[in-house]
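Note sheet for the following structure.
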Amino acid sequence: MKERNLPSLDLKRNYARIKDEIKEAVNSVLESQYFIMGPEVKAFENEVASYLEVEHAIGCASGTDALVLALMALGIKEGDEVITTPYSFFATASCITRVGARPVFVDVDPQTYIMDMDQVMEKTSDKTRAVLPVHIFGQMAPLENCMKKLASKGIDVIEDAAQAFGSWRRVGNTIIRAGSWGKAGCYSFFPTKNLGAFGDGGMIVSPDDDLAQRLYRLRVHGEGKTYYHEEVGLNSRLDAIQAAVLRVKLRHLDVWTEERRLVADRYNTLFGEYGLLDLVKPPVELDGNYHIYHQYVCTAEKRNDLQAFLAGKGITTRIYYPLSLHQQHCFEYLGYRTGDFPVSEELASKTIALPIFPEITPEEQEWVISSMAEFYGKE
Ligand SMILES: *Cc1c(COP(=O)(O)O)cnc(C)c1O
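My numbering applies: residue 47 is where the sequence shown begins, and numbers increase by one.
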């Protein structure tokens with residue numbers, strides 16, 4: 047055991063803050079013996095719908111399933127193209143291939159890591175059925191300039207908001223919440239997400255009544271009336287225990303998000319104080335965005351050596367993501383090559399995610415940054 051350790055995420059500290067509430071909530075599910083969907087899931091769906099100010103919220107088994115279900119519900123299939131980013135978690139692209147469609151990648155912005163929305167319009171073709179932007183690391187993609195153009199071409203927007211629950215963007219006088227902008231918004235409640243369950247979970251939100259009805263059906267084997275199937279769907283439901291946990295956490299989420307933003311601010315300030323800004327580029331928050339800092343991802347010179355040095359001190363960092371999606375072995379058949387998306391590829395070799403969670407202390411953050419200064423010989 048090292049003298050000191052700092053994990054990249056410490057869920058135990060978060061649990062300690064809400065232990066009693068969680069135990070009571072889970073216990074009531076145990077007493078009810080109602081484990082799959084039911085009143086607890088319905089209540090959570092209603093709370094999410096009102097939090098996000100969107101008409102429908104449909105719980106499901108994971109963020110990956112949320113994406114697959116959204117694509118299925120929109121009828122996206124073989125022969126169709128979906129435009130997305132190569133700089134994201136694997137599920138962003140795999141969901142497209144799972145329904146038989148083809149992911150068409152667009153490179154990202156080097157400062158925000160968000161899909162470059164200007165390039166999106168250039169990549170549309172008569173096969174494009176949807177655009178799937180990712181609100182990567184908790185900050186929303188600036189969709190305002192393409193929403194109308196895409197709509198006029200009949201192209202739907204499906205938001206991958208798996209890392210961005212509670213994030214929003216101001217457009218004119220309107221606040222738009224992550225997931226509520228497009229035809230469907232997809233969330234993950236994987237335990238490490240900023241709104242995380244105690245197991246897998248996911249949700250799709252949508253303003254569209256017909257789409258919602260189809261989603262309710264698709265998550266239960268395409269069933270209409272019990273044992274009568276309109277189409278073939280998935281078995282993808284949210285557990286009542288997870289919903290109970292998530293209902294407790296949702297009540298605290300805004301406070302935790304503010305804490306995350308303070309943590310990010312502190313890192314930004316410390317980089318300046320330690321004279322590191324020529325070696326490290328902190329994440330950029332776009333004008334009008336309320337970034338929830340699901341991750342605090344910067345780019346750093348000599349990234350791999352830096353990560354090893356920090357690990358030697360007991361500080362755990364993460365690499366999101368070490369290999370762009372167009373370079374994944376399983377997507378070789380798409381015909382992309384190294385060099386096709388230079389920004390995404392460069393980020394894969396330069397980004398490092400520093401420890402971030404609401405409960406991290408200022409002392410721990412200073413330890414991280416002073417250790418980085420030591421690595422770069424700035425101390
Ligand atoms: C986590 C994540 C997913 C998948 O969610 P799961 O609940 O793990 O299936 C999809 N997209 C992004 C961007 C994610 O971060």
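Note that the Cβ used here is the ideal one computed from N, Cα and C, for glycine as well.
May I ask you to check if the CB of G248 is nearer than 8 Å to at least one heavy atom of ligand 1?
Flag set: Cβ of G248 near ligand 1.
Would F151 and F387 qualify as a contact pair, given that the criterion is a beta-carbon distance under 9 Å?
Against a cut-off of 9 Å, the Cβ pair of F387 and F151 comes out as a contact.
Could you tell me which residues DSSP pairs with H275 in its beta bridges?
Under DSSP, H275 shares a beta bridge with E269.
Output the residue ranges of the beta strand (DSSP E) runs that lie fully inside the segment 98–160 and measure 3 residues or longer, sorted by chain position.
You should have 102–106, 127–130, 148–151.
Determine the DSSP secondary structure at L189, reduced to helix, strand or coil.
The answer is coil: DSSP assigns L189 none of H, G, I, E or B.
Please state whether DSSP places G360 in a helix, a strand or coil.
Coil, per DSSP.
Just the Cα atoms here: how many angstroms apart are E276 and N73?
Computed Cα separation, rounded: 36 Å.
CB I129 to CB K88, shorter than 9 Å?
For I129 and K88, no; Cβs fall outside 9 Å.
Take N314 and list the residues in its own chain whose beta-carbon comes closer than 7 Å to its own, dropping the five residues that flank it on each side.
Answer for N314: P328, listed in chain order.
Hey, could you find the ends of the beta strand (DSSP E) G248 is sitting in?
For G248, the uninterrupted beta strand (DSSP E) run begins and ends at 248–252, by DSSP.
Member of R63, L55, D256 whose CA lies at the smallest distance from the CA of V294
For the residues R63, L55, D256, the minimum Cα distance to V294 belongs to R63.
Restricting to Cα atoms, I'd like to know which of L120, M418, G109 is closest to G318.
Of L120, M418, G109, the residue nearest in Cα terms is M418.
Sorted by chain position, which residues of the same chain lie with C-beta nearer than 8 Å to L369's C-beta, five sequence neighbours on each side aside?
The residues are A394.
Neighbourhood of L323 by C-beta, 7 Å cutoff - its chain only, sequence neighbours within 5 removed:
Taking C-beta separations shorter than 7 Å and ignoring five residues to either side along the sequence, the partners of L323 in its chain run F317, following chain order.
For F135, tell me which candidate among S226, L117, Y159 has the shortest Cα-Cα distance.
The candidate whose alpha carbon is nearest that of F135 is Y159.
S74: first and last residue of the uninterrupted alpha helix (DSSP H) it sits in
Bounds of the alpha helix (DSSP H) holding S74 are 57–78.
Please confirm whether L55 and T238 have their CB atoms less than 9 Å apart.
Yes. Within cutoff.
Does the separation of the CB atoms of M161 and A187 fall below 9 Å?
In contact: M161 and A187 (Cβ atoms closer than 9 Å).
Count the other CB atoms, across all protein chains shown, that sit within 10 Å of the CB of T407; report buried if there are 16 or more and exposed otherwise.
Exposed, because fewer than 16 other Cβ atoms sit within 10 Å of the Cβ of T407.
DSSP-derived helix/strand/coil call for L400
Residue state, collapsed to three classes: strand.
Can you round the beta-carbon distance between G231 and I250 to whole angstroms, since I take them to be within the 8 Å contact cut?
Right, their Cβ atoms sit about 7 Å apart.
Within 10 angstroms of its Cβ, does H102 collect 16 or more other Cβ (buried), or is it exposed?
Under this definition H102 is a buried residue.
One or two residues paired with S390 in a DSSP bridge:
DSSP lists no partner for S390.
Could you pull out every residue in the same chain whose Cβ sits closer than 7 Å to the Cβ of K396, ignoring the five residues on either side in sequence?
Take K396, set aside five residues on each side of it, and the residues of its chain with a beta-carbon closer than 7 Å to its own are T345, A346, R349, in chain order.
For V114 versus L280, is the C-beta distance shorter than 9 Å?
The criterion of a C-beta distance shorter than 9 Å is satisfied by V114 and L280.
Could you give the residue range of the beta strand (DSSP E) that holds S234?
DSSP places S234 inside the beta strand (DSSP E), whose first and last residues are 230–234.
Using only CA atoms, which one of E405, S96, W413, T138 lies nearest to S234?
Of the listed residues, the one whose Cα sits closest to S234 is T138.
Within 9 Å, strictly: CB atoms of E124 and G146
With respect to the 9 Å criterion, E124 and G146 are classified as neighbours on the basis of their beta carbons.
Beta-carbon proximity list for K173, same chain, < 7 Å, skipping 5 on both sides
Correct list, in chain order: G125, D126, E127.
Would you kindly check if the distance between the Cβ of V177 and the Cβ of C192 is under 9 Å?
A contact, by the Cβ cut-off of 9 Å.
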